[in-house]
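At position 69 of the sequence shown (counting the first as 1) the number is 104 in our numbering, and the numbers step up by one without a gap.
Let me begin by presenting the structure, written as structure tokens, before commenting on it.
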Amino acid sequence: MSRHLAAMEALAAELGLECGPVDFEQVPESFMLEIAIYGLPVRMRHWSFGLRYLRQMTARHMGQSRIYEVMFPGAPCRAFLADSNTEAENALVGAHVLGHADFSRRNALLRGFTDPGGSGILERSAAHARLVERAALLHGQAAVDTVLDAALALEAQVDVHAGVPERDLLLFIARNAPELQDWERGILLAVREEVCYFHPVHACQIMNEGWACYWHARLLREAGFLAAPLYLEAIRVHSDIVRPCGDGRLALQLNPYHLGYALWDHIIERRGLAEARRICRDEDDFGFIRNYLDRDVAAQLQLFAYMQDRDGAAWLASRDLPALHEAILAPRYNYGAPSIRVAGVGAGGRLALAHDHDCDGRGLAQPQAERVLDYIARVWRRPVELHTVDQRGAALCLQASPQPDAVH
């Protein structure tokens with residue numbers, strides 16, 4: 036743990052950051068990896084997390100991913116730091132966490148989901164894990180996996196405000212599935228609660244990471260208590276974090292740390308810190324990008340929209356500002372998943388779903404869609420159909436029926 040952490044917290048308070056209490060804990064790097072995979076220190080087990088673990092491990096061994104910290108908003112905020120961090124890395128990481136803590140207390144969306152509900156998410160996720168373990172002992176792991184397969188496949192199909200029930204497939208199925216048992220309903224609702232917790236983190240990722248990067252850079256710059264060698268090493272780590280993907284070459288991936296940091300730096304320079312804090316309070320990534328990514332920043336960062344064919348060949352499509360905005364935001368709509376709604380429940384309990392292909396502009400990957408329909412049919416326990424279009428725009432109806440052993 037950085038011996039300069041207390042001094043960094045005092046400096047943050049002098050600069051007007053409203054961090055509140057932050058509990059820092061140093062943990063093994065293997066535990067950090069598990070937190071990054073599961074999203075929470077303790078979470079219900081499922082085979083899909085194993086696949087994520089393998090992908091993360093591969094990226095880590097190839098030098099493409101390094102996890103310095105994970106922070107959970109709340110009262111207090113909880114921050115986990117990797118015990119493999121150097122002193123300089125922890126000086127930067129501690130400042131970065133304080134930037135996140137300030138953002139979580141200011142941003143209306145993040146505050147609305149973490150105060151007071153999110154403050155206990157770590158405890159509730161542990162309770163969810165125990166719920167799943169008890170269900171596996173009583174009903175068998177295969178039965179539990181059937182429910183979790185459906186729940187986790189529908190993570191993107193949630194309306195966190197429950198304003199339009201037909202668009203919250205996870206909640207609709209939990210409430211209305213014929214013959215669903217209480218323990219199954221409990222697992223579906225537990226997964227939905229965790230999805231709702233993660234929503235503001237996803238919706239504000241560029242803003243949040245950029246704000247934390249701006250403040251860790253500023254705190255390091257104004258931390259006169261840091262020795263010069265330690266400061267220089269910390270700034271080198273900062274440069275690695277906020278560099279564009281591709282090491283300065285034209286790249287097709289977008290680094291949210293790079294974009295967010297550049298945007299906040301531009302806003303604070305042009306509009307002042309008070310206006311930046313108002314933006315921090317009122318916006319999410321969609322408003323942030325559309326309203327504040329201007330031509331100057333786009334030119335500075337050499338941003339462009341591109342097209343890519345099925346063989347992987349890519350070409351520059353546009354540098355037009357609205358096109359850039361939508362290219363950046365498109366993967367963030369609905370977690371990058373197609374938008375699906377409940378169209379109705381027909382005779383015999385047949386569940387009809389509809390793909391809003393005109394609105395979301397996404398096609399369906401048919402094999403994956405058919406697999407998800409199979410997962411849904413196993414918990415709905417009646418036939419399920421999904422209305423969409425094929426690659427030529429012609430009407431297409433995908434169908435799935437429950438397996439005999441899934442009908443109780």
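Just so you know, even glycine gets a beta-carbon here, dropped at the ideal spot from N, CA and C.
query, result
"Does the separation of the CB atoms of C54 and N142 fall below 8 Å?", "no"
"Taking only the alpha-carbon atoms, compute the straight-line gap between Q426 and G398 and give it to the nearest angstrom.", "7 Å"
"Rounded to whole angstroms, what's the CA-CA distance from N120 to Y103? Just pull it up for me.", "7 Å"
"State whether the region 221-228 contacts the region 154-170, with contact taken as three or more CB pairs (one from each stretch) at a distance under 8 Å.", "yes"
"G529 to L40, Cα distance in whole Å?", "Absent from the model: residue 529. The displayed extent of the chain is 36 to 443, so no value can be given."
"For the alpha helix (DSSP H) that contains T121, what are its first and last residues?", "That residue, T121, is in no alpha helix (DSSP H); it is neither H nor E in DSSP."
"Counting pairs of beta carbons, one from the region 248-266 and one from the region 204-218, are three or more of them closer than 8 Å?", "no"
"Given that a residue counts as buried once 16 or more other Cβ atoms are within 10 Å of its Cβ, and exposed if not, what is C248?", "buried"
"Just checking my contact of V236 with A161 at CB under 8 Å: how many whole Å lie between their CB atoms?", "Contact flag wrong, Cβ pair sits at about 19 Å."
"So what's I222 in DSSP terms, helix, strand or just coil?", "helix"
"Could you give the DSSP three-state label for L133: helix, strand or coil?", "helix"
"Between which residues of its own chain and F233 is the CB-CB distance below 7 Å, once the five residues before and five after are set aside?", "G74"
"In this structure, does DSSP put F115 in helix, strand or coil?", "strand"
"Taking C-beta to C-beta, are L298 and L328 nearer than 8 Å?", "yes"
"Count the other CB atoms within 10 Å of the CB of P357; is the residue buried (16 or more) or exposed (fewer)?", "exposed"
"Along the alpha helix (DSSP H) that carries I375, what are the first and last residues, could you check?", "It is not in any alpha helix (DSSP H) - I375 instead sits in the beta strand (DSSP E) that spans 375-380."
"Return the residue from the list G379, V407, L433, P63 that minimises the CA-CA distance to L189.", "V407"
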